[in-house]
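Reading through the structure tokens given below for one structure.
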Amino acid sequence: MTRREANVRTSRALEAWFSTNARALPWRVSGAGGMRREAWASLVSELMAQQTQISRAAEKFVPFMARYPTPTALADSADAPGGEDEVRALWQGLGYYRRARLLIEAARAIRDRHAGVTPTDAEALRALPGVGPYTAGAVASMAGDRPEPLVDGNVARVLLRLHAPAEVPHQPADRATQKWLWREARALAEAARSPGDTNEALMELGATVCTPRNPRCLHCPLSGSCRALATGRAESIPEPKPRATRRELFATTLIVRDARGRVLLERRASKGLWADLWQAPTDERDGMDDLADAGAALCARLGLRRGRAVEELGAFEFQTTHRRVRFRVLGVRTALSAGDAERLTKGGWRWAEGTALSGLIAGRAQRLALEAGGVGVD
0 MTRREANVRT SRALEAWFST NARALPWRVS GAGGMRREAW ASLVSELMAQ QTQISRAAEK
60 FVPFMARYPT PTALADSADA PGGEDEVRAL WQGLGYYRRA RLLIEAARAI RDRHAGVTPT
120 DAEALRALPG VGPYTAGAVA SMAGDRPEPL VDGNVARVLL RLHAPAEVPH QPADRATQKW
180 LWREARALAE AARSPGDTNE ALMELGATVC TPRNPRCLHC PLSGSCRALA TGRAESIPEP
240 KPRATRRELF ATTLIVRDAR GRVLLERRAS KGLWADLWQA PTDERDGMDD LADAGAALCA
300 RLGLRRGRAV EELGAFEFQT THRRVRFRVL GVRTALSAGD AERLTKGGWR WAEGTALSGL
360 IAGRAQRLAL EAGGVGVD
């Protein structure tokens, strides 16, 4: 059997399995010839699902698409005052808020360069902000039925177990292995009757059957040709990658209220950790500072008078993929005067309370900091 014939057989087995085993997800539409996706819905769902549990992405997808059914709807809304904050509020719970900002930028590009029509050509997709080879391959194949490959963690695991290649390491992050994976994925997509269904079946198989631990090999449509299973290595492929050491970061957050009970907020920088998110004034350092010094430094940044009384309200630890952040939450003991509050407003800070506060604070860490400081965030 030639490699092409083997890929045809593999793709047919995947498509047949997927037709009866695909999970019911809101962005999937079953029709004649298999699953079909609309291009904009496909782009939104792929960005939502990256590094996020699929169940959470599915939960957020429906209200997001109801509010922004087209790229133009999202772009126009984001251009309006407060529009980007509304997008982040709907994104809340998905994490990685940089993806929301990139989706906004992609929507603007689709509106301005493609007359509001999401492209299904892989090259045009890769030219959009935030769209890399994986997302371009997903949208092009699933919405455009184009023979474009995609490789994510699930696909890498299925292909490495299926072929157990001797010529490259069984580590998906290895450069040579990445080239091999994309080459194999392309060959499979080009042999498929429905590239979109084959690609989606690969991901679905990796997520539900060919799992990292305790793979359900007896239920796999590819078990008859799986080299890892045949050689007793299904659970040892891929090889585990070394666990990265999280960088430690120390954050001091200051809770400041005005005479009306409103809480002072600042917006984070547009790049870096938690980009663009609103938070109570926060100072981040690589080392632990004395509480009094940290509070004084934050008061100075706000232009508050020297010696203002500050008290410790709470502390907690928050972990991201690459960082361990140790938060200390401080509070100014007395409310700011109307004059100080007005001065800070003119300086670009923002006062918020109630539902307005809840709508602005999208990040989980930022909510925890406020809650540790006694501020309710519904």
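Under numbering that gives the first Met the number 0, the residue at position 127 of the sequence shown is numbered 126, and the numbers go up by one with no gaps. Yeah, the Cβ is synthetic: ideal placement off N, Cα and C, and Gly gets one too. Quantities reported herein were computed from a predicted structural model and do not represent experimental measurements.
State the beta-bridge partners of residue i as determined by DSSP.
{"i": "Trp-16", "result": "Answer is none; Trp-16 lacks a bridge partner."}
{"i": "Asp-282", "result": "Thr-251"}
{"i": "Ala-314", "result": "Arg-327"}
{"i": "Arg-160", "result": "The partner list for Arg-160 (beta bridge, DSSP) is empty, contrary to what the question assumes."}
{"i": "Leu-335", "result": "Asp-257"}
{"i": "Glu-265", "result": "Gln-278"}
{"i": "Val-309", "result": "Val-331"}
Helix or strand or just coil, what does DSSP make of residue i?
{"i": "Gly-362", "result": "coil"}
{"i": "Gln-49", "result": "coil"}
{"i": "Arg-323", "result": "strand"}
{"i": "Asp-84", "result": "helix"}
{"i": "Trp-277", "result": "strand"}
{"i": "Met-0", "result": "coil"}
{"i": "Val-28", "result": "strand"}
{"i": "Arg-215", "result": "coil"}
{"i": "Arg-246", "result": "strand"}
{"i": "Arg-192", "result": "coil"}
{"i": "Val-61", "result": "helix"}
{"i": "Ile-379", "result": "Past the boundaries of the shown model lies residue 379; the chain is included only from 0 to 377, so the question cannot be answered."}
{"i": "Arg-185", "result": "helix"}
{"i": "Pro-148", "result": "coil"}
{"i": "Gln-91", "result": "coil"}
{"i": "Leu-180", "result": "helix"}
{"i": "Cys-298", "result": "helix"}
{"i": "Thr-210", "result": "coil"}
{"i": "Leu-303", "result": "coil"}
{"i": "Thr-117", "result": "coil"}
{"i": "Lys-345", "result": "helix"}
{"i": "Val-154", "result": "helix"}
{"i": "Thr-37", "result": "Checking the sequence, you will find Glu at residue 37 rather than Thr. In this structure, Glu-37 counts as coil in the three-state DSSP scheme."}
{"i": "Arg-22", "result": "coil"}
{"i": "Arg-55", "result": "helix"}
{"i": "Ser-235", "result": "coil"}
{"i": "Thr-372", "result": "Before going further, note that residue 372 is Gly rather than Thr in the sequence given. It is coil, neither helix nor strand."}
{"i": "Leu-204", "result": "helix"}
{"i": "Asp-292", "result": "helix"}
{"i": "Leu-367", "result": "helix"}
{"i": "Gly-223", "result": "helix"}
According to the neighbour-count rule (16 or more other Cβ atoms, all chains shown, within 10 Å of its Cβ), is residue i buried or exposed?
{"i": "Asp-78", "result": "exposed"}
{"i": "Ala-65", "result": "exposed"}
{"i": "Val-28", "result": "exposed"}
{"i": "Ala-229", "result": "exposed"}
{"i": "Glu-247", "result": "exposed"}
{"i": "Gly-338", "result": "exposed"}
{"i": "Arg-242", "result": "exposed"}
{"i": "Glu-199", "result": "buried"}
{"i": "Asp-292", "result": "exposed"}
Using C-beta distances below 7 Å, list every residue in its chain close to residue i, excluding the 5 sequence neighbours before and after it, in chain order.
{"i": "Pro-148", "result": "Gly-136, Trp-181, Ala-184, Arg-185, Ala-188"}
{"i": "Ser-269", "result": "Asp-275"}
{"i": "Ala-31", "result": "Caution applies to Ala-31, whose pLDDT of 48 falls short of 50 and renders its modelled position unreliable; the model cannot decide the point."}
{"i": "Leu-359", "result": "Asp-84, Leu-264, Trp-277, Ala-351"}
{"i": "Gln-170", "result": "Thr-176, Pro-237, Glu-238, Lys-240"}
{"i": "Arg-3", "result": "Ala-190"}
{"i": "Pro-80", "result": "none"}
{"i": "Ser-44", "result": "Trp-26, Ala-56, Phe-60"}
{"i": "Pro-164", "result": "Trp-179"}
Mind checking which residues open and close the alpha helix (DSSP H) that includes residue i?
{"i": "Arg-125", "result": "121-125"}
{"i": "Ala-351", "result": "Counting along the chain, Ala-351 falls outside any alpha helix (DSSP H), though it belongs to the beta strand (DSSP E) covering 349-351."}
{"i": "Tyr-96", "result": "Counting along the chain, Tyr-96 falls outside any alpha helix (DSSP H), and DSSP gives it neither H nor E."}
{"i": "Met-141", "result": "132-143"}
{"i": "Ser-76", "result": "70-78"}
{"i": "Leu-228", "result": "226-229"}
Cutting at 6 Å between CB atoms, please list the residues of its own chain near residue i, excluding the five before and the five after it.
{"i": "Arg-97", "result": "Ala-274"}
{"i": "Gly-195", "result": "Ser-140, Met-141, Asp-144"}
{"i": "Leu-101", "result": "Pro-128, Gly-129"}
{"i": "Leu-204", "result": "Val-157"}
{"i": "Thr-71", "result": "Arg-110, Gly-115"}
{"i": "Ala-155", "result": "Pro-171, Leu-180"}
Of all the CB atoms in chain D, is at least one closer than 7 Å to the CB of residue i?
{"i": "Arg-192", "result": "The question asks about chain D, but that chain is absent: this structure has only one protein chain."}
Using C-beta distances below 8 Å, list every residue in its chain close to residue i, excluding the 5 sequence neighbours before and after it, in chain order.
{"i": "Thr-51", "result": "Leu-93, Gly-94, Tyr-95"}
{"i": "Arg-349", "result": "Leu-263, Leu-264, Glu-265, Arg-266, Trp-277, Leu-359"}
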